[in-house]
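To start, the structure itself, in C-alpha cells.
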Amino acid sequence: MDFLFGNILHGLAVAMTPANLGLCLVGCVLGTLIGVLPGLGPTATVAMLMPVTFWLDPTGALIMMAGVFYGSQYGGSTTAILVNLPGESSSVVTCLDGYAMARQGRAGAALAIAALASLFAGTVTTFLIAWAGPAIASVALKFQSPDYVAVMVLGLVAAVVLAHGSVLKAVAMILLGIFLGLIGTDVSTSEQRFTFGLDTLFDGIGFVPLSMGLFGLAEIMINLETGAEGNRTRVAINRLWPTRRDFREATPAAIRGTLLGSFLGILPGGGSTIPSFAAYSLEKKLARDPSRFGRGAVEGVAAPEAANNAGAQACFIPMLSLGIPPNAVMALMVGAMMVHGIQPGPQIIQKQPDLFWGLVASMWIGNFMLVVLNLPLIWIWVKLLEVPYRFLFPAVIVLCGIGVYSLDNRLSDVVLMAFFGVFGYGLRKLECEPAPLLLGFILGPLLEENFRRSLMLTGGDASVFLTRPISLSFLVVSALLLVAVLLPAFRARREQWTEES
Amino acid sequence: MVGLAGLWAGRSLEIGDAAEMGPGHVPRLLCLSLLVLGGVIALSGLRRPGVRPAGVAWRPLLVVTLAVLAFAAALERLGLVVAVIAAVVIASAATPGARRRETAIAALVLAVAVVLIFITGLGLPVPALPRFDR
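Here you go:
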C-alpha cells in the first residue's frame with residue numbers, strides 16, 4: 045500500500061507541472077467540446093491530435109489525449125440531457141432519463157448527478173489502474189513470444205465479440221487491418237511487401253493518415269449525408285444542486301455503475317458504450333418500480349454515466365500494462381507512444397514511471413477539472429451547441445489535412461488520408477466497423493513478429509502455443525468467446541446490446 | 036447486399052493473388068482467410084436477396100475527397116492560406132444550404148487561425164502565402 049501511495053504522489057508531482065496541468069486542461073476542454081457536439085467523436089479527435097503530440101513530450105501527449113477521451117464522456121451527457129441528442133454513443137441511454145428529468149424542470153439536477161457520478165467513477169477507476177496496472181504488468185513481464193501471440197489473439201477475438209453487427213464482417217475487418225499493417229518493408233528480411241514500388245509505402249502505411257481517413261474524413265461524409273444538425277429544442281437550466289433524495293437514490297446506482305463499468309472496461313474490446321447500456325439495464329432490473337425508468341429516474345442517469353466514465357478509464361489498464369489496446373482510442377494512444385519511440389508493453393511501468401504514474405494521476409486531476417468545466421461553466425457548452433455543422437466540418441477537414449502533412453511534411457500522406465476517407469466511407473456503407481480494422485492494423489506487425497519468433501524458436505513446431513500454460517489458457521478463452529458469440533442465445537443478447545446504440 | 040458483397044469477394048481475390056511473395060507466410064495465411072470470409076459473406080448476401088445496401092451519397096463523398104486533394108495540391112506551391120481557403124470553399128459545396136458570405140468569412144477566419152497556430156506557433160515549414168520567386 046505504501047508503494048502505491050508513494051507512486052501516486054510521484055505521479056501527482058509529474059502531473060502537477062504547469063505544462064502537464066495545462067495539457068490536461070486542454071485535453072479536458074477539447075474532450076468536453078467534442079463530447080457536446082454531436083457528430084464529432086473522441087476517436088476522430090484523438091486522431092487529429094496525433095500530429096500535434098509530435099511536438100510534445102510523450103507524457104504530456106498522452107495526458108492530453110486521455111483527457112479528450114474521458115472528457116468526451118462528460119460532454120456527451122450534457123447534450124443528452126439538454127437536447128435529447130447523444131453527443132457520444134456512450135451517452136445514448138442517458139438521453140432516456142436525463143432528458144425526461146430535464147423536461148420536468150430538473151435539468152440542473154440531472155447534469156449535476158451525471159457529473160458527480162462520473163467524478164466518483166473516475167476517482168475509483170484511477171486507483172484501480174494504479175493498483176491493477178503494475179500487478180498485471182508484473183505477470184506480463186514473464187510472457188514470451190507465444191504468450192504474446194495468444195494475448196493478442198484474445199484481444200482481437202474480444203474486439204469481434206463486442207463489435208456491432210455481423211461477426212463475420214468484424215473478423216474480416218481485423219484480418220484486413222492486420223494485412224494493411226504488414227504493408228511495407230518486412231522487419232526480418234527487409235524485403236518490400238505490397239508496396240507496388242511506391243516510395244510512400246516503403247515504411248508501411250502511416251498510422252495517422254489511416255486513422256484520420258477512416259475516422260475523421262469518413263465520419264464527416266456520413267454526417268453530411270445523414271444531417272447531423274437535427275432539431276434542437278433546448279430546455280432551460282434552473283438550479284444545479286440535486287435534492288437529498290436524489291443523492292440517496294443515485295449513490296448506490298453510481299457505485300454499481302462504476303463496478304460494472306470498470307469490469308467491462310478492462311475486458312479486451314471494452315470501452316465506454318457497452319458499460320453504459322449494461323449499467324442501465326442492470327438498474328432497471330434491480331429497481332423496485334421499473335416503470336419509473338424513462339420518466340426521469342435518477343438512477344437511470346447516475347448508473348450509465350458512472351459506468352461509461354469507469355469504462356473509459358479502465359480500458360487504459362490493458363493498454364498500459366500489456367500494450368494491447370482494447371478499442372480504437374487506445375489503439376491511437378499506442379500509436380502515439382510508438383511515434384515517440386516508446387515500445388508499448390508491460391515494461392512501460394518500470395521503464396517510464398513518469399509516463400505511467402503521471403498519466404494515472406492526471407486522470408484524477410482531470411476528473412475534477414471536468415466537474416468544474418461541466419457544472420459552473422455549463423452555459424458555454426450550451427451556446428456551442430448552436431454552432432451549425434456546416435461551419436464545423438470544413439474546419440475539421442483543414443485540420444486533418446494540416447495535421448497529416450505536418451507529421452512528416454509529406455504530401456503523399458495527405459493523399460493517402462483522402463484515399464482512406466473514401467475507403468472508410470465504403471466500409472460504413474457495407475456495414476463494416478472500422479474500429480476492428482484499426483486494432484488489427486496496430487497489432488498486426490506485433491502479432492506477425494511474435495508469431496514468427498515463436499515458430500523460429502521451436503523450429504516450426506506450432507504446438508508451442510498449446511503447451512505453454514499461459515498461451516494455452518488465453519487461446520482457450522478466445523475459443524470459448526468465439527463459440528459463445530456464435531451461440532443463438534448469446535447472439536440475440538449481443539444484438540440487443542449493440543443495436544440499441 | 037449482393038453487388039457489394041461481390042465486391043468484397045473480388046477485392047479479397049486480388050489481395051490473394053498478390054500474396055505470392057518471399058517472406059509472405061503470414062500475408063498468405065491472411066489472404067486465404069480473407070478470401071474464404073469474403074466468399075462466405077458474399078454467399079450469405081446472395082441467400083438473402085432483397086436487402087439492398089444503402090445508396091451511396093456521392094456528393095459528400097466526392098466533395099470531401101476533392102477538398103482534401105485540393106488542399107494537398109495547393110499546400111506546398113501556393114501556401115497554407117490558399118490551401119485552406121480552397122478546401123473550405125470546396126467543402127462548402129457539400130451542404131445544399133451553404134451561403135456564400137458565410138463561407139467566405141469562415142474560410143478567412145480559419146486561414147488566419149491556422150497560420151497563427153501552425154506556422155507562427157508550431158513552426159511548420161510551409162509557406163503561408165504563394166511564393167512568386169520560383
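Chains as they are written, first to last, in this note's numbering: chain A, 45 to 545; chain B, 36 to 169.
The beta carbon of each residue, even a glycine, is placed where N, CA and C say it ideally should be.
Among the residues facing chain B, F435 of chain A is included, as its CB has a counterpart in that chain under 9 Å away. Closer than 7 Å at the C-beta level to chain B, one finds these residues of the stretch 460-484 of chain A: M461, A462, G465, V466, Y469, K473 and L474.
Secondary structure of E477 of chain A (DSSP, three-state): coil.
Only exposed fits K329 of chain A, as fewer than 16 other CB atoms lie within 10 angstroms of its CB. Interface criterion not met: the Cβ of M377 of chain A is under 9 Å from no Cβ in chain B. Using a 10 angstroms sphere on the CB of G66 of chain A, the tally of other CB atoms stays under 16, which defines it as exposed.
Closest in alpha carbon position to P162 of chain B, among B:L115, B:A102, B:L104 and B:P95, is B:L115. If you draw a straight line from the Cα of T103 of chain A to the Cα of T511 of chain A, it is about 39 Å long.
DSSP places F259 of chain A in no alpha helix (DSSP H); its state is neither H nor E. Within chain A, not a single residue places a beta-carbon under 9 Å from that of L143 of chain B; the smallest gap is close to 12 Å. Distances from the alpha-carbon of G260 of chain A to those of A:I409, A:A179 and A:M94 put A:M94 closest.
Within a 10 Å sphere around the beta-carbon of D457 of chain A sit 16 or more other beta-carbons, which makes this residue buried. Residue A:L311 holds the alpha-carbon nearest to the alpha-carbon of A176 of chain A among A:L268, A:L311, A:S135 and A:A159. At least one CB atom of chain B sits nearer than 9 Å to the CB of P438 of chain A. In terms of CA proximity to Q391 of chain A, A:P178 leads the group A:A91, A:P178 and A:F437. Straight-line spacing of the CA atoms in S406 of chain A and L101 of chain B works out to 40 Å. Between G120 of chain A and the set A:Y449, A:R292, A:P86 and A:A151, the nearest pair of CA atoms involves A:P86.
With its beta carbon at least 9 Å from every one in chain A, P162 of chain B lies outside the interface. For K186 of chain A, the secondary structure class from DSSP, reduced to helix, strand or coil, is coil.
Following the DSSP letters along the chain, one finds C359 of chain A in no alpha helix (DSSP H), marked with neither H nor E. Excluding the 5 residues flanking it on each side, Y449 of chain A has same chain C-beta neighbours closer than 6 Å at V458, in chain order. Annotated three-state conformation of R512 of chain A is coil, per DSSP.
Between the stretch 382-401 of chain A and the stretch 343-355 of chain A there are fewer than three C-beta pairs closer than 8 Å, too few to call the two in contact. At least one beta carbon of chain A lies nearer than 9 Å to the beta carbon of A107 of chain B. For N411 of chain A, the enclosing alpha helix (DSSP H) begins and ends at P397 to N418. Here L326 of chain A really is in contact with L304 of chain A; their C-beta atoms are around 6 Å apart, less than 8 Å. DSSP places L65 of chain A in the helix class (H, G or I) of the three-state scheme. Contact between L97 of chain B and V123 of chain B does not hold, since the beta-carbon distance rounds to 16 Å and is not under 8 Å.
G484 of chain A and L524 of chain A have their C-alpha atoms spaced approximately 20 Å apart. Residues are counted here when their Cβ sits less than 7 Å from a Cβ of chain A; for the stretch 98-125 of chain B these are V99, T100, A102, V103, L104, F106, A107, L110, E111, V119, A122 and V123, given in chain order. S515 of chain A counts as buried, since no fewer than 16 other beta carbons sit within 10 angstroms of its beta carbon. Within chain A, the C-beta atoms nearer than 8 Å to that of L96 of chain B come from M265, V466 and Y469, in chain order.
DSSP places I125 of chain A in the helix class (H, G or I) of the three-state scheme.
With 16 or more other CB atoms across the displayed protein chains lying within 10 angstroms of its CB, L487 of chain A is buried. DSSP, reduced to helix, strand and coil, places S134 of chain A within a helical segment of the structure shown.
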